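S.K.:
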Amino acid sequence: MEKLFTIDCGEIYLQEFRVEDSDAIYEITSQPEVYEFLPDWRTTKEKRLYFVTKYEIPSNKGFLASLPNIEGLSSLYSLLKLAIIHKETNRMIGFVSTGIKEELPEPNREIAYAISKDYRNKGYTTKAVRALLHFLFDQTNLEVINAIALTQNIRSIKVIQKSGFTLLGDIEIENQKYHHFTLHKNDWQSHS
20 MEKLFTIDCG EIYLQEFRVE DSDAIYEITS QPEVYEFLPD WRTTKEKRLY FVTKYEIPSN
80 KGFLASLPNI EGLSSLYSLL KLAIIHKETN RMIGFVSTGI KEELPEPNRE IAYAISKDYR
140 NKGYTTKAVR ALLHFLFDQT NLEVINAIAL TQNIRSIKVI QKSGFTLLGD IEIENQKYHH
200 FTLHKNDWQS HS
């Protein structure tokens with residue numbers, strides 16, 4: 020059996036997507052509390068399975084194989100999507116990812132995340148984001164990362180702020196107003 024990439028975060032761990040995760044991803048992204056802020060992730064079960072097997076798993080493999088040089092990766096391998104797994108139940112409760120956000124000025128790598136409504140307000144999202152940031156700044160050539168949140172998405176903004184990001188300003192993407200945050204490696208090292 021192939022060993023999967025994981026990051027331990029205490030009560031949770033991050034793990035690269037598996038085919039078996041597609042149903043959990045579908046369930047999480049079908050929750051109104053999630054698709055309100057991540058509408059692009061909402062799709063059918065069949066399409067989610069297709070995306071996981073044909074795009075997300077191969078992209079994860081390509082991303083991990085390119086370490087530490089992730090800047091300038093082809094778009095196919097520029098994404099890393101990790102399941103957030105609750106250790107006690109071994110259940111996928113959310114996901115955290117990094118990829119290129121074309122709508123942002125360069126350098127335009129961003130971090131994104133979502134968590135099931137059943138696991139909110141427990142600190143899991145912040146733990147997952149901070150663990151991925153630690154990995155990216157420690158194990159890759161990344162110098163700066165972005166985060167965006169719709170201006171009305173207060174929970175997401177709190178996660179971003181707790182993770183050490185600085186508000187750069189507001190940006191409009193597809194007629195929606197977002198707060199745009201950045202985090203530089205030097206600031207991360209002094210913050211963590």
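Here the sequence shown is numbered in my numbering, starting from 20 and rising by one per residue. For glycine and all other residues, C-beta sits at the position ideal for the given N, C-alpha and C. Computed from a predicted model, the values in this text were never measured in an experiment.
1) Does the segment 115 to 124 come into contact with the segment 63 to 70, if we say contact requires no fewer than three beta-carbon pairs (one atom in each stretch) closer than 8 Å?
2) Name the one or two DSSP bridge partners that VAL163 has.
3) Beta-carbon separation of LYS120 and ILE167 under 9 Å?
4) May I ask you to check if the CB of ASN140 is nearer than 8 Å to at least one heavy atom of the ligand SAM?
5) Since GLU129 and GLY118 should fall inside the 8 Å C-beta cutoff, what is the C-beta to C-beta distance between them, to a whole number of angstroms?
6) Rounded to whole angstroms, what's the CA-CA distance from VAL25 to ILE89? Just pull it up for me.
7) Who pairs with PHE184 in a beta bridge, going by DSSP?
8) What residues are listed by DSSP as bridge partners for TYR96?
9) Does DSSP classify GLU122 as helix, strand or coil?
10) Touching or not, the segment 145 to 156 and the segment 30 to 38, by the rule of three or more beta carbon pairs under 8 Å?
11) Taking the straight line between their C-alpha atoms, what separation do you get for TYR132 and GLN34?
12) Comparing alpha-carbon positions, which option in GLN195, GLY188, GLU65 and THR159 lies nearest LYS204?
13) Can you tell me which of the three DSSP states GLY113 falls into?
14) Taking only three categories from DSSP, how would you classify LEU169?
15) With DSSP run on the structure shown, which of helix, strand or coil describes GLN214?
16) Can you give me the Cβ contacts of GLU52 inside the same chain, cut-off strictly under 7 Å, excluding the 5 residues immediately before and after it?
17) At what residue ranges does the segment 63 to 97 contain a whole run of the alpha helix (DSSP H), taking only runs of 4 or more?
M.R.: On the basis of the supplied data:
1) The segment 115 to 124, when compared against the segment 63 to 70, does not touch it at the 8 Å Cβ threshold.
2) Answer by DSSP bridge pairing, in chain order: HIS203.
3) In contact: LYS120 and ILE167 (Cβ atoms closer than 9 Å).
4) Ligands displayed in this structure: none; no statement on the ligand SAM is therefore possible.
5) That belief holds up - the Cβ atoms of GLU129 and GLY118 are roughly 7 Å apart, short of 8 Å.
6) One detail in the question is off: residue 25 reads as Thr in this sequence, not Val. The straight-line gap from Cα to Cα measures roughly 18 Å.
7) Partner residues in a beta bridge of PHE184, as assigned by DSSP, do not exist.
8) DSSP, once it has assigned bridges, lists no residue as partnering TYR96.
9) Look at GLU122 here: in three-state DSSP terms it is coil, with no helix or strand label.
10) Contact between the segment 145 to 156 and the segment 30 to 38 is established, with three or more Cβ pairs separated by less than 8 Å.
11) Answer to the nearest angstrom: the Cα atoms are 14 Å apart.
12) Check the Cα spacing between LYS204 and each of GLN195, GLY188, GLU65 and THR159: the tightest is with THR159.
13) It is a strand residue.
14) LEU169 falls in the strand class under three-state DSSP.
15) Past the boundaries of the shown model lies residue 214; the chain is included only from 20 to 211, so the question cannot be answered.
16) Cβ within range, chain order: LYS136.
17) Runs of the alpha helix (DSSP H) inside the segment 63 to 97: 64 to 70 and 76 to 84.
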